[in-house]
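Reviewing the structure listed below.
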Amino acid sequence: MVARLIDGKVVSADVKSRVIGAVRELKAIGVRPCLATVLVGDDPASATYIESKHKDAKEVGILTRDHRLAATFKQKELHELVQLLNNDPEVHGILVQLPLPSHIDEFDILSSLSPMKDVDGLTPYNVGMLQSGIAALKPCTPSGIMELLDYYKIDVGGMDVVIVNRSNLVGKPLLILLLERDATVTICHSKTKDLKEKLRSADLIVTAVGNRRRFTLTANMIKEDVVVIDVGIARLNGKLTGDLDFDSVKQKASWITPVPGGVGLMTRAMLLKNTVTAAAFITREMSK
Ligand code: GUN
Numbered sequence: 166m167v168a169r170l171i172d173g174k175v176v177s178a179d180v181k182s183r184v185i186g187a188v189r190e191l192k193a194i195g196v197r198p199c200l201a202t203v204l205v206g207d208d209p210a211s212a213t214y215i216e217s218k219h220k221d222a223k224e225v226g227i228l229t230r231d232h233r234l235a236a237t238f239k240q241k242e243l244h245e246l247v248q249l250l251n252n253d254p255e256v257h258g259i260l261v262q263l264p265l266p267s268h269i270d271e272f273d274i275l276s277s278l279s280p281m282k283d284v285d286g287l288t289p290y291n292v293g294m295l296q297s298g299i300a301a302l303k304p305c306t307p308s309g310i311m312e313l314l315d316y317y318k319i320d321v322g323g324m325d326v327v328i329v330n331r332s333n334l335v336g337k338p339l340l341i342l343l344l345e346r347d348a349t350v351t352i353c354h355s356k357t358k359d360l361k362e363k364l365r366s367a368d369l370i371v372t373a374v375g376n377r378r379r380f381t382l383t384a385n386m387i388k389e390d391v392v393v394i395d396v397g398i399a400r401l402n403g404k405l406t407g408d409l410d411f412d413s414v415k416q417k418a419s420w421i422t423p424v425p426g427g428v429g430l431m432t433r434a435m436l437l438k439n440t441v442t443a444a445a446f447i448t449r450e451m452s453k
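Numbered continuously in the numbering used here, the sequence shown closes out at residue 453.
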């Protein structure tokens, strides 16, 4: 079988058109949704991500604030900035780009974000809400993956799913979202025994490694008709690629996501969706 393409361009455009509708409704009641981003340090990849987020927001009519801080910025100063943004009635979403420099306690900063403005869904409150199955703001990459599956009507109920990633941004929240849909989920990582065996028995594989020397998913590692979602972003011979040996996996899988043009676009679209969700919620709360 040659896999069908799970197209992030199509699905992210669908999400964005819904966001544009929500922005229009908010505008009609005098609210301009606004996303504030915070970037500490000068990591070029992070700076590129931030630029894309601002471009996307402008495209759908979301206002932005761009806070760029030196790598030497102190924990206390970052706290103060977060407090200012938390208290600013014109800001509805706050995104602190990760990773933060090593002298900054990431958990402490994320914990200080107002949960209502936490468009990454990473505050302890929103993580707890996700676990309880009632979160309004969910981490963007896992919720983007669920949008892809829903759009193509891929029902994960009863599937054996293997996720190769255990991060707070991807693996852990995705485990919860898939479990909610009755999948049986295994999280794998660098210390997992018999990874190949686990991969070969999976009905759905989600990989988010991003280092082709450490991990490449090839056709001989998967079973026929598996669904494969590639969250990896890596460079191979100067070219942007994911975790898959795409051409060989495509010959065996039933569904596959490309890189670029797959999950990355969904992560970006879901941030916009979370920003209008936050703006609508905050507006409702303030009018009570
Ligand atoms: N760094 C890489 N991905 C993300 C993300 O989704 N959110 C934030 N805040 N930082 C990231």
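Positions of the beta carbon are idealized from the N, C-alpha and C atoms, including for glycine.
Residue j beta carbon less than 8 Å from that of residue i
{"i": "Val393", "j": "Val414", "result": "yes"}
{"i": "Val196", "j": "Leu243", "result": "no"}
{"i": "Leu265", "j": "Asp283", "result": "no"}
{"i": "Gly426", "j": "Gly173", "result": "yes"}
{"i": "Val292", "j": "Leu339", "result": "no"}
{"i": "Gly397", "j": "Ala373", "result": "yes"}
{"i": "Val247", "j": "Ser267", "result": "no"}
{"i": "Lys337", "j": "Arg346", "result": "no"}
{"i": "Leu199", "j": "Leu234", "result": "The question names Leu, but residue 199 in the sequence shown is Cys. Contact: no."}
{"i": "His219", "j": "Asp231", "result": "yes"}
Within-8 Å CB hit, residue i to chain C
{"i": "Asp179", "result": "Any reference to chain C falls outside this structure, which holds one protein chain only."}
Residues sharing a beta bridge with residue i, DSSP
{"i": "Asp231", "result": "Thr202"}
{"i": "Gly258", "result": "Leu200"}
{"i": "Leu170", "result": "Ile421"}
Chain-order list of residues whose beta-carbon lies under 6 Å from that of residue i (same chain, five-residue window excluded)
{"i": "Ala187", "result": "Val441"}
{"i": "Gly226", "result": "Val188"}
{"i": "Thr349", "result": "Asp325"}
{"i": "Ile457", "result": "Outside the displayed span of the chain (166 to 453) sits residue 457, for which this structure offers no information."}
{"i": "Val184", "result": "Val225, Leu437, Lys438, Val441"}
{"i": "Ala236", "result": "Gly206, Pro266"}
Close beta carbons around residue i, own chain, < 8 Å, minus the five adjacent residues each side
{"i": "Gln262", "result": "Thr202, Val203, Leu204, Val205, Ser211, Tyr214, Ile215"}
{"i": "Glu224", "result": "Lys181"}
Same chain, Cβ closer than 7 Å to residue i, neighbours up to 5 away in sequence not counted
{"i": "Ile341", "result": "Leu295, Gln296"}
{"i": "Pro254", "result": "none"}
{"i": "Ser217", "result": "Arg433"}
{"i": "Phe238", "result": "Val205"}
Task: 3 or more residues per run - each beta strand (DSSP E) lying fully within the stretch 270 to 346 - done: Entirely contained in the stretch 270 to 346, the beta strand (DSSP E) runs reaching 3 residues are, in chain order, 325 to 329.
- [ ] Counting only runs of 4+ residues fully inside the stretch 349 to 420, write out the alpha helix (DSSP H) ranges in chain order.
- [x] Qualifying alpha helix (DSSP H) stretches, in chain order: 360 to 365, 411 to 415.
Task: Lining residues of the ligand PLP - beta-carbon closer than 6 Å to any non-hydrogen atom, in sequence order - done: The model depicted lacks the ligand PLP and carries the ligand GUN instead.
- [ ] Evaluate the contact criterion for the stretch 301 to 316 versus the stretch 428 to 446: three or more CB pairs, one atom per stretch, below 8 Å.
- [x] Because the criterion of three Cβ pairs below 8 Å is met, the stretch 301 to 316 and the stretch 428 to 446 touch.
- [ ] Would you check if the stretch 354 to 366 and the stretch 313 to 330 touch, i.e. whether three or more CB-CB distances between them fall below 8 Å?
- [x] Yes, the stretch 313 to 330 touches the stretch 354 to 366.
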